[in-house]
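Asker: Read the sequence shown against our numbering and you will find it ends at 224, with the numbers running on by one and no gaps.
Ideal placement from N, C-alpha and C gives every residue a C-beta, glycine not left out.
Have a look at this one before I ask anything.
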Amino acid sequence: MPIIGFDSLCNDRAKIIVSQDKGQTRKHIAHNHSSAKVSHYRVDGVIIKQGNKCDYLLLNNDKRTAYFIELKGSDLVWAAKQIEATQQILQKDLEAYSKEYRIVASRCKTQEIESAEFKKYRFKWKKKLKYKTECLEENI
Numbered sequence: 085m086p087i088i089g090f091d092s093l094c095n096d097r098a099k100i101i102v103s104q105d106k107g108q109t110r111k112h113i114a115h116n117h118s119s120a121k122v123s124h125y126r127v128d129g130v131i132i133k134q135g136n137k138c139d140y141l142l143l144n145n146d147k148r149t150a151y152f153i154e155l156k157g158s159d160l161v162w163a164a165k166q167i168e169a170t171q172q173i174l175q176k177d178l179e180a181y182s183k184e185y186r187i188v189a190s191r192c193k194t195q196e197i198e199s200a201e202f203k204k205y206r207f208k209w210k211k212k213l214k215y216k217t218e219c220l221e222e223n224i
């Protein structure tokens with residue numbers, strides 16, 4: 085189910101959905117090989133205008149999966165907090181959806197990945213969290 089009152093950035097059954105900020109190299113690429121019904125939204129400044137929020141939300145409406153996507157320089161903990169805040173704000177709209185969390189950073193420093201605070205998110209979200217530098221590509 086699309087987010088009511090907002091237009092999707094992609095066609096209903098788009099084969100490739102790219103989340104990327106203008107002028108930046110970091111991006112998330114989703115491949116929709118099954119031609120599932122999808123919706124793609126800019127969250128930061130469009131759906132949520134104030135407070136903490138992630139950059140994009142991608143919905144696979146057929147599989148009922150929501151992908152919260154944050155494109156970040158290097159602060160993985162802050163990226164996780166932004167995703168968490170977005171999930172809480174959109175909780176009622178996405179009740180029927182399973183949640184997936186994606187962070188694409190310019191750099192992922194080992195000491196930050198292994199920090200106690202980021203480990204908390206890794207433990208909490210388990211396999212639902214994926215993070216990578218520059219480009220994260222996946223099948224949805």
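With a CB to CB cut of under 7 Å and the five nearest residues on each side skipped, what residues in its chain are close to R206?
Answerer: As a first step, residue 206 must be located in the sequence shown, where it is residue number 122. Cβ within range, chain order: L213.
Asker: What do you get for H112, buried or exposed, if any count of 16 or more other CB atoms within 10 angstroms of its CB means buried?
Answerer: The residue given as residue 112 occupies position 28 in the sequence shown. By the 10 Å Cβ count, H112 comes out buried.
Asker: Cβ of H124 within 8 Å of Cβ of N223?
Answerer: Along the sequence shown, read from residue 1 onward, the residue named residue 124 stands at position 40. Along the sequence shown, read from residue 1 onward, the residue named residue 223 stands at position 139. Contact: no.
Asker: May I ask you to list the residues that DSSP assigns as paired with I197?
Answerer: Working through the sequence shown from its first residue, we reach residue 197 at position 113. According to DSSP, I197 bridges with nothing at all.
Asker: Go through the region 159-204 residue by residue and report every complete run of the alpha helix (DSSP H) that reaches 4 residues or more, in order.
Answerer: Listed in chain order, the complete alpha helix (DSSP H) runs (minimum 4 residues) inside the region 159-204 are 160-173, 194-197.
Asker: Count the C-beta pairs between the region 95-105 and the region 160-176 that are closer than 8 Å, then say yes if the count reaches three, no if not.
Answerer: The region 95-105, when compared against the region 160-176, does not touch it at the 8 Å Cβ threshold.
Asker: In three-state DSSP terms, what is F152?
Answerer: The count along the sequence shown starts at 1 and reaches residue 152 at position 68. Here F152 sits in strand by DSSP.
Asker: Out of Y185, K216, Q108, L178, which one is the CA nearest neighbour of T194?
Answerer: If you number the sequence shown from 1, residue 194 lands on position 110. Among Y185, K216, Q108, L178, the Cα nearest to that of T194 is on K216.
Asker: Spell out the partners DSSP gives Q104 in its beta bridges.
Answerer: By 1-based counting over the sequence shown, the position of residue 104 is 20. Q104 pairs with K111.
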